[in-house]
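In the numbering used here, the protein residues as written are -13 to 182.
As structure tokens, the structure follows; a few thoughts come after it.
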């Protein structure tokens, strides 16, 4: 059967390097982390409101009133830290074993790193506390250093002349869409990896 043949070629008869060790597990752990983040994120999105007046209250509501909401929120928040820990170990292993020589795989990996960092940043803003607001203000203002179009870029991201409701709505949309882009890039990353 063709599907069984594909599964056999990608999971069972896959050639492995001689120096394989536990350090090779972190790529798979990143896949598990991504699935946990997407699942917990979907549950959180069912109760979150992307409005500056109610965003903070909706997070409090999730933690206090939703059944096991505090578990889902803390799993999502701390899962991001675990994700980054696995990601940095994965990159460190890649540098140590010269994986950057597989150029396509490495470039897609760096694109994944950028996407994960952007996703984490916009997610950090969503609770809309003081740290979230000022984090959004300071980090997005750094883009104003881009020559010629910096100011316009910042205003486009903000959706106006300051961090406001439009910013929060956009960041929620980005935070919802980016993980699926990350998943697609991860599949490409694996495709190029298994070709080498």
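Glycine included, each C-beta is placed from N, C-alpha and C at the ideal position.
This structure is a prediction, so every number in the text was calculated from the model and none was measured.
Exposure of residue i, with buried meaning 16 or more beta-carbon neighbours within 10 Å
i	result
residue 165	buried
residue 116	exposed
residue 180	exposed
residue 158	buried
residue 6	exposed
residue 91	buried
residue 122	buried
residue 193	The structure shown does not extend to residue 193, since the chain is modelled only from -13 to 182, so the question has no answer here.
residue 114	buried
residue 2	exposed
residue 118	buried
residue 126	buried
residue 80	buried
residue 124	exposed
residue 149	buried
Where residue i sits in the DSSP three-state scheme
i	result
residue 2	coil
residue 8	helix
residue 88	coil
residue 83	coil
residue 76	helix
residue -13	coil
Rounded distance between the beta-carbons of residue j and residue i, thought under 8 angstroms
i	j	result
residue 97	residue 171	6 angstroms
residue 30	residue 69	With 8 angstroms as the limit, residue 30 and residue 69 do not qualify as a contact, their Cβ atoms being about 15 angstroms apart.
residue 94	residue 174	5 angstroms
residue 76	residue 13	6 angstroms
residue 61	residue 22	7 angstroms
residue 19	residue 65	6 angstroms
residue 102	residue 73	6 angstroms
Beta-carbon contacts of residue i that lie in its chain and below 8 angstroms, excluding the five residues immediately before and after
i	result
residue 33	44, 47, 48, 52, 55
residue 105	160, 161, 164, 165, 168
residue 67	none
residue 152	144, 145, 146
residue 154	36, 37, 38, 41, 111, 112, 114
residue 50	56
Contact set for residue i: own chain, Cβ-Cβ below 7 angstroms, skip 5 residues either direction
i	result
residue 140	126, 127, 129, 130
6 angstroms Cβ shell around residue i - same chain, five flanking residues per side excluded
i	result
residue 156	145
residue 26	58, 61, 62
Any non-hydrogen atom of the ligand SAM closer than 8 angstroms to residue i Cβ
i	result
residue -8	Annotation note on the ligand SAM: not contained in the displayed structure, which lists no ligands.
Subject >> 4 or more residues per run - each alpha helix (DSSP H) lying fully within the region 24 to 54 >> reply: With a minimum length of 4 residues, the continuous alpha helix (DSSP H) runs that stay inside the region 24 to 54 are 41 to 50.
**OP:** For the region 107 to 181, list the beta strand (DSSP E) runs that are entirely contained and at least 3 residues long, ordered along the chain.
**Re:** If only complete runs of 3 or more residues are kept, the region 107 to 181 shows no beta strand (DSSP E) anywhere.
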